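Remarks on the structure that follows.
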Amino acid sequence: MITCVVRYTIDPRKIEAFERFGRRWMELVRARGGTHHGYFLPAEGASDEALALFSFPSLAAYEEYRGLFGRDPEFVEADRIRDDSGCVLRHERTFMRPLLPGDLAAADTVPGPVSGGPEETPRAGDRGLPGPGR
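The numbering of the sequence shown is the working numbering, which starts it at 4 and goes up by one.
Take a look at the structure:
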């Protein structure tokens with residue numbers, strides 16, 4: 004799985020247009036096989052930063068989705084919301100590999116050291132001689 008994190012600088016006076024833009028892209032990501040984790044918008048105080056996170060099963064699946072930009076009429080229409088309103092001043096994308104809460108269950112099943120196992124391997128310099136406390 005690969006997650007795209009998009010950091011936006013938005014015009015806070017045009018937050019309603021940005022929300023329209025975000026709702027449309029959430030629909031498009033889902034319709035093209037991705038999982039949208041949502042848009043995270045300014046809540047308290049003056050801020051012009053927003054985030055979006057969405058995942059695809061693989062980089063190849065993301066690239067297939069990305070290939071529709073500028074060609075698919077629905078993608079063009081969604082970008083027009085941004086372009087016509089001026090709600091996004093700039094954005095940058097980063098790709099990450101998520102560690103999700105469900106991954107914790109898998110980590111709990113990984114076997115750890117077993118008590119009563121083989122004795123400790125002698126360290127370099129021990130020469131097999133008994134030392135203090137042995």
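Beta carbons are placed, not taken as given, at the ideal position from N, Cα and C, and that holds for glycine. No experiment lies behind these values; they were computed from the predicted model shown.
Which ranges would you report for the beta strand (DSSP E) in the segment 23-100 if only whole runs of at least 3 residues count?
38-43, 52-59, 91-99
Comparing C-alpha positions only, which one of 6, 59, 83 sits nearest to residue 35?
Translated into positions along the sequence shown, residue 35 becomes position 32. Checking every option, the nearest Cα to that of residue 35 belongs to 59.
Using 10 angstroms around the beta-carbon of residue 49, count the other beta-carbons present and answer buried if the total reaches 16, otherwise exposed.
Position 46 of the sequence shown holds residue 49. Residue 49 should be labelled exposed.
Throw me the rounded Cβ distance for the residue 42 and residue 70 pair, which I believe falls under 8 Å.
As a first step, residue 42 must be located in the sequence shown, where it is residue number 39. As a first step, residue 70 must be located in the sequence shown, where it is residue number 67. 23 Å between Cβ atoms; not a contact.
Taking Cβ to Cβ, would you say residue 6 is nearer than 8 Å to residue 99?
The residue labelled residue 6 in the question sits at position 3 within the sequence shown. The residue labelled residue 99 in the question sits at position 96 within the sequence shown. The answer is yes: Cβ separation under 8 Å.
Determine the direct distance from the alpha carbon of residue 22 to that of residue 12, and round the result to whole angstroms.
Taking the first residue of the sequence shown as 1, we reach residue 12 at position 9. Taking the first residue of the sequence shown as 1, we reach residue 22 at position 19. C-alpha separation (whole angstroms): 14 Å.
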